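Below you'll find the structure, written out as structure tokens, and then a few comments.
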Amino acid sequence: MNTDISERQKKILDFIIDYISESGYPPTVREIASATGLSSSATVHAHLSKLEKSGYIKRVKGSSRSIEIIKSQHNKKADSDEINNNVVLIPVVGNVAAGKPILAEENIEEYFPVTNDFISDFNNVFMLKVKGDSMINAGILDRDYIIVRKQSIARNGEIVVALIEDEATVKRFLKTDKVIKLIPENDYMKPITVKVVDIVGKVIGVLRKYF
40 MNTDISERQK
50 KILDFIIDYI
60 SESGYPPTVR
70 EIASATGLSS
80 SATVHAHLSK
90 LEKSGYIKRV
100 KGSSRSIEII
110 KSQHNKKADS
120 DEINNNVVLI
130 PVVGNVAAGK
140 PILAEENIEE
150 YFPVTNDFIS
160 DFNNVFMLKV
170 KGDSMINAGI
180 LDRDYIIVRK
190 QSIARNGEIV
200 VALIEDEATV
210 KRFLKTDKVI
220 KLIPENDYMK
230 PITVKVVDIV
240 GKVIGVLRKY
250 F
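With our numbering applied, the sequence shown covers 40 to 250.
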């Protein structure tokens, strides 16, 4: 066993490997601290920095769940290839505006890890954080993260992200002969009726944080 890392760092590394194996995505700094008996996030970051410098892990800047396992304590790739190949980092977009590239670097706030068995095709996929309760009857709550596939067309009944006066809204799409209706999934809200709408993408998944 390698001695370039401390016993505490070995414990942290073991926890990260076990966590990814069970959950399909890496733990947060807070979860690492709780599991390993550390009271300070700064201390966890220091240990993670040492693990990264020693080549055991890799982190992606700007994401709370960004740890990738590079090698185990036995200096082998172990199950890291299988673990990392099962996780894809999806960009979380902070702003959607007409005429601007959605996935431009300045629009990306962080990256969110999602396993391959949750979504089969990650091409042109991004995430948005939901604001408001207009889609609660569809199981989309305030502060949820929706996974969106970028596309400019939609079928009736699909939940879409659309731009209304340069503001993104999440609604159910319905097109009639004369108008387009963006229908909320909330009994206390009325549909938005327009003649033309800019479809940003189709909602293909919902994720919820409990911390």
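No residue lacks a Cβ here, since even glycine has one placed at the ideal position from N, Cα and C. No experiment lies behind these values; they were computed from the predicted model shown.
Along the alpha helix (DSSP H) that carries Lys-49, what are the first and last residues, could you check?
The residue you call residue 49 lines up with position 10 of the sequence shown. Taken as a continuous stretch (DSSP letters only), the alpha helix (DSSP H) holding Lys-49 covers 46-62.
Within 9 Å, strictly: CB atoms of Val-132 and Leu-87
Stepping through the sequence shown from its first residue, residue 132 is reached at position 93. Stepping through the sequence shown from its first residue, residue 87 is reached at position 48. No, they are not a contact pair.
With C-beta atoms as the reference, is Asp-160 less than 9 Å away from Ser-93?
Within the sequence shown, the letter at position 121 stands for residue 160. Within the sequence shown, the letter at position 54 stands for residue 93. Not a contact, by the Cβ cut-off of 9 Å.
Beta carbon proximity, Val-233 to chain D, threshold 9 Å
Of the protein chains in the structure, only one exists, and it is not chain D.
Under the assumption that Gly-240 contacts Val-200 (Cβ atoms under 8 Å), give the Cβ distance between them as a whole number of angstroms.
Numbered from its first residue, the sequence shown carries residue 240 at position 201. Numbered from its first residue, the sequence shown carries residue 200 at position 161. Confirmed, about 5 Å.
What's the gap between the Cα of Val-218 and the Cα of Ala-81?
As a working mapping, residue 218 is identified with position 179 in the sequence shown. As a working mapping, residue 81 is identified with position 42 in the sequence shown. C-alpha separation (whole angstroms): 55 Å.
Using DSSP's beta-bridge definition, name the partner residues of Ile-147.
In the sequence shown, residue 147 corresponds to position 108, counting from 1. In the DSSP output, where bridge partners are listed per residue, Ile-147 has Val-132.
Which same chain residues end up closer than 6 Å to Gln-190 when comparing Cβ atoms and leaving out the 5 residues on each side of it in sequence?
Counting from 1 along the sequence shown, the entry for residue 190 is found at position 151. These residues qualify, in order along the chain: Gly-240 and Lys-241.
Alpha carbons only, please: which of Asp-237, Lys-220 and Asn-146 is nearest the one belonging to Lys-229?
Here residue 229 corresponds to residue number 190 of the sequence shown, with the count starting at 1. Comparing Cα positions, the closest option is Lys-220.
Please go through the same chain and pick out, in chain order, the residues whose beta-carbon is closer than 8 Å to the beta-carbon of Phe-54, but skip the five residues on each side of it.
Walking along the sequence shown from the start, residue 54 turns up at place 15. Hits under 8 Å: Pro-66, Ile-71, Ala-74 and Thr-75.
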